[in-house]
Amino acid sequence: MPPRVLFQSPLKAFTGSSSVQNPITVLSLKPCKTSIRAGSIEARERRRHDPFLMAQSRQRKAANLSRQKALREEREAALGNPVESKPTPFIESLQSLQKTDATIESESADALNHFLKNDELNQALEYSKTLTSPLENPERDTADPQLEKEAAERHLQEHRNAQEAISRIVNLANGNTKDRTRVNIQKCIETFGRHNTDQVLPPKPEAITHESAPDHLQKAPRAGPDTGSPEVQVAILTTKIQNLSRHLQGTNKDKHNKRNLRLLVHKRQKLLRYLRKKERGGPRWQNLIESLGLSDAAWKGEISI
Numbered sequence: 001m002p003p004r005v006l007f008q009s010p011l012k013a014f015t016g017s018s019s020v021q022n023p024i025t026v027l028s029l030k031p032c033k034t035s036i037r038a039g040s041i042e043a044r045e046r047r048r049h050d051p052f053l054m055a056q057s058r059q060r061k062a063a064n065l066s067r068q069k070a071l072r073e074e075r076e077a078a079l080g081n082p083v084e085s086k087p088t089p090f091i092e093s094l095q096s097l098q099k100t101d102a103t104i105e106s107e108s109a110d111a112l113n114h115f116l117k118n119d120e121l122n123q124a125l126e127y128s129k130t131l132t133s134p135l136e137n138p139e140r141d142t143a144d145p146q147l148e149k150e151a152a153e154r155h156l157q158e159h160r161n162a163q164e165a166i167s168r169i170v171n172l173a174n175g176n177t178k179d180r181t182r183v184n185i186q187k188c189i190e191t192f193g194r195h196n197t198d199q200v201l202p203p204k205p206e207a208i209t210h211e212s213a214p215d216h217l218q219k220a221p222r223a224g225p226d227t228g229s230p231e232v233q234v235a236i237l238t239t240k241i242q243n244l245s246r247h248l249q250g251t252n253k254d255k256h257n258k259r260n261l262r263l264l265v266h267k268r269q270k271l272l273r274y275l276r277k278k279e280r281g282g283p284r285w286q287n288l289i290e291s292l293g294l295s296d297a298a299w300k301g302e303i304s305i
């Protein structure tokens with residue numbers, strides 16, 4: 001029996017391969033991929049060779065970045081500024097005293113320098129006027145009314161000059177920043193001290209105690225103004241933070257005071273967290289936050305300046 005010789009049909013185009021390929025075999029060797037993952041190697045290669053897909057990818061990335069930036073700005077705006085306070089009447093009164101102008105506003109005119117008060121100053125001036133008044137001649141027959149009148153007018157003019165000089169000395173506009181900060185601290189103590197706020201704010205509700213709980217002795221009554229409570233310390237720190245923040249707005253290279261500002265802000269954050277935990281959002285906490293105009297960024301989260 002003669003051997004069989006396999007040859008290609010002349011009607012079929014020559015593809016460059018002598019072996020006959022079955023379509024089923026081709027599908028089994030190279031399966032078709034109907035879906036490609038977005039981050040796979042095939043997808044990256046396809047985008048690299050297709051400019052339209054590259055443009056779409058860049059457009060999606062730019063849209064995502066812009067959306068992330070907008071959301072970040074919205075969260076920061078809702079959280080607030082950890083350093084600056086909102087403009088409240090108490091904050092505006094503190095800022096009016098920190099001005100370096102030659103005049104003090106009428107609402108802050110009661111604040112005097114050198115630990116003086118208006119009533120004490122007026123009493124001292126009246127007492128000095130009485131001491132320096134000219135004495136009348138006991139012998140009224142030999143007294144000269146014209147000389148007494150001139151002496152009284154001279155004494156009145158000297159008293160006016162002395163009163164003007166004293167008013168210039170005790171005026172805060174002629175003091176330095178340290179004097180203004182001291183007056184603001186005294187105002188914080190008088191506003192948030194518990195020797196005054198206990199009479200206005202409702203007391204903290206007492207906890208329910210069991211019959212078997214030991215009896216604790218009552219605390220001794222407070223003597224003098226309150227300077228150690230958390231709300232007073234927060235108000236004092238807010239005054240110092242405002243002073244440093246106003247100073248750093250005009251200079252960018254004062255690294256020492258910038259570090260001091262960071263320390264004061266973090267110290268105030270610790271006190272605010274303690275007060276919130278202690279009062280549990282009570283009236284004392286609400287009064288402090290509303291008066292100082294502090295936002296959630298002053299005590300919540302991580303502060304980076």
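full-length UniProt numbering numbers the first residue of the sequence shown as 1 and each following residue consecutively.
The C-beta atom is built at its ideal place from N, Cα and C for all residues, glycine as well.
Computed from a prediction, not measured in an experiment: that's the story for all the values here.
Q) Grouping DSSP H, G and I as helix and E and B as strand, with all else coil, what is P89? A) For the purposes of this step, residue 89 is identified with residue 89 of the sequence shown, where counting begins at 1. Correct three-state label for P89: helix.
Q) Going by the CB atoms, is the gap between Q233 and L271 shorter than 7 Å? A) Translated into the one-based positions of the sequence shown, residue 271 becomes position 271. Translated into the one-based positions of the sequence shown, residue 233 becomes position 233. By the CB criterion at 7 Å, L271 and Q233 fall inside the cutoff.
Q. Shortest alpha-carbon distance to V183 belongs to which of E206, L94, S57, Q68?
A. Position 183 of the sequence shown holds residue 183. Measuring from the Cα of V183, the nearest candidate turns out to be L94.
Q) Considering only residues of the same chain and omitting the five flanking positions on each side of M54, which have a CB-CB separation below 8 Å? A) In the sequence shown, counting from the first residue as 1, residue 54 sits at position 54. Counting only Cβ-Cβ distances below 8 Å, and skipping sequence neighbours, we find R47, R48.
Q: Give a yes or no on contact between the stretch 216 to 236 and the stretch 189 to 208, applying the rule of three or more CB pairs nearer than 8 Å.
A: A contact exists between the stretch 216 to 236 and the stretch 189 to 208.
Q) Since R180 contacts Q123 with CB under 8 Å, what's their CB separation in whole angstroms? A) For the purposes of this step, residue 180 is taken as the residue at position 180 of the sequence shown. For the purposes of this step, residue 123 is taken as the residue at position 123 of the sequence shown. Not confirmed; about 25 Å, so no contact.
Q) Would you say the stretch 200 to 216 touches the stretch 145 to 158, given that touching needs at least three Cβ pairs under 8 Å? A) no
Q) Between the C-alpha atoms of A281 and F52, what's the straight-line distance to the nearest angstrom? A) Taking the sequence shown and counting its residues from 1, one reaches residue 281 at position 281. Taking the sequence shown and counting its residues from 1, one reaches residue 52 at position 52. Per the sequence presented here, residue 281 reads as Gly, with Ala not at that position. If I take the Cα positions, the gap works out to 56 Å.
Q: Give the secondary structure of D179 by DSSP, where H, G and I count as helix, E and B as strand, and everything else as coil.
A: For the purposes of this step, residue 179 is identified with residue 179 of the sequence shown, where counting begins at 1. In the structure shown, D179 sits in a helix (DSSP, three-state: H, G or I).
Q | Three-way DSSP call (helix, strand, coil) for W285 in this model | A | For the purposes of this step, residue 285 is identified with residue 285 of the sequence shown, where counting begins at 1. Looking at W285 - three-state DSSP - the assignment turns out to be helix.
Q) Is G224 buried or exposed, if buried means 16 or more other CB atoms sit within 10 Å of its CB? A) Here residue 224 is taken as the residue at index 224 of the sequence shown, counted from 1. Flag for G224 reads exposed.
Q: Please list, in chain order, all residues of the same chain as G193 whose beta carbon is under 6 Å from its beta carbon, the five residues on each side excluded.
A: By one-based count along the sequence shown, residue 193 stands at place 193. Only P225, D226, V232 meet the Cβ criterion.
Q. For L272, which of helix, strand or coil comes out of DSSP?
A. If you number the sequence shown from 1, residue 272 lands on position 272. Of the three classes helix, strand and coil, the one that applies to L272 here is helix, per DSSP.
Q. So what does DSSP say about F192, is it helix, strand or coil?
A. Mapped onto the sequence shown, residue 192 falls at position 192. Three-state result, F192: helix.
(Q) Could you compute how far the alpha carbon of I208 sits from the alpha carbon of K219? (A) Counting from one through the sequence shown, the residue named residue 208 turns up at place 208. Counting from one through the sequence shown, the residue named residue 219 turns up at place 219. Spanning the two alpha carbons is a distance of roughly 18 Å.
Q | Where residue 321 falls, given that 16 or more other Cβ within 10 Å makes a residue buried | A | With the chain covering only 1 through 305, there is no way to say anything about residue 321.
Q) Quick one: what does DSSP say E136 is sitting in, helix, strand or coil? A) Locating residue 136 in the sequence shown gives position 136, where the first residue counts as 1. For E136, the three-state secondary structure derived from DSSP is coil.
Q: Determine the extent of the alpha helix (DSSP H) in which L237 is found, giving its start and end residues.
A: Taking the sequence shown and counting its residues from 1, the one referred to as residue 237 is at position 237. Note, L237: alpha helix (DSSP H), 230 to 248.
Q | DSSP three-state assignment for F52, whether helix, strand or coil | A | Walking along the sequence shown from the start, residue 52 turns up at place 52. Three-state DSSP puts F52 in a helix.
Q) Which whole-angstrom value is the C-beta distance of E136 and E148, which I expect to be below 8 Å? A) For the purposes of this step, residue 136 is taken as the residue at position 136 of the sequence shown. For the purposes of this step, residue 148 is taken as the residue at position 148 of the sequence shown. With 8 Å as the limit, E136 and E148 qualify as a contact, their Cβ atoms being about 7 Å apart.
Q. Taking DSSP as the reference, what is the three-state secondary structure of Q98?
A. The residue labelled residue 98 in the question sits at position 98 within the sequence shown. Reduced to three states, the DSSP call for Q98 is coil.
Q. Which stretch, first to last residue, makes up the alpha helix (DSSP H) that contains N122?
A. Stepping through the sequence shown from its first residue, residue 122 is reached at position 122. That run of the alpha helix (DSSP H) goes 118 to 131.
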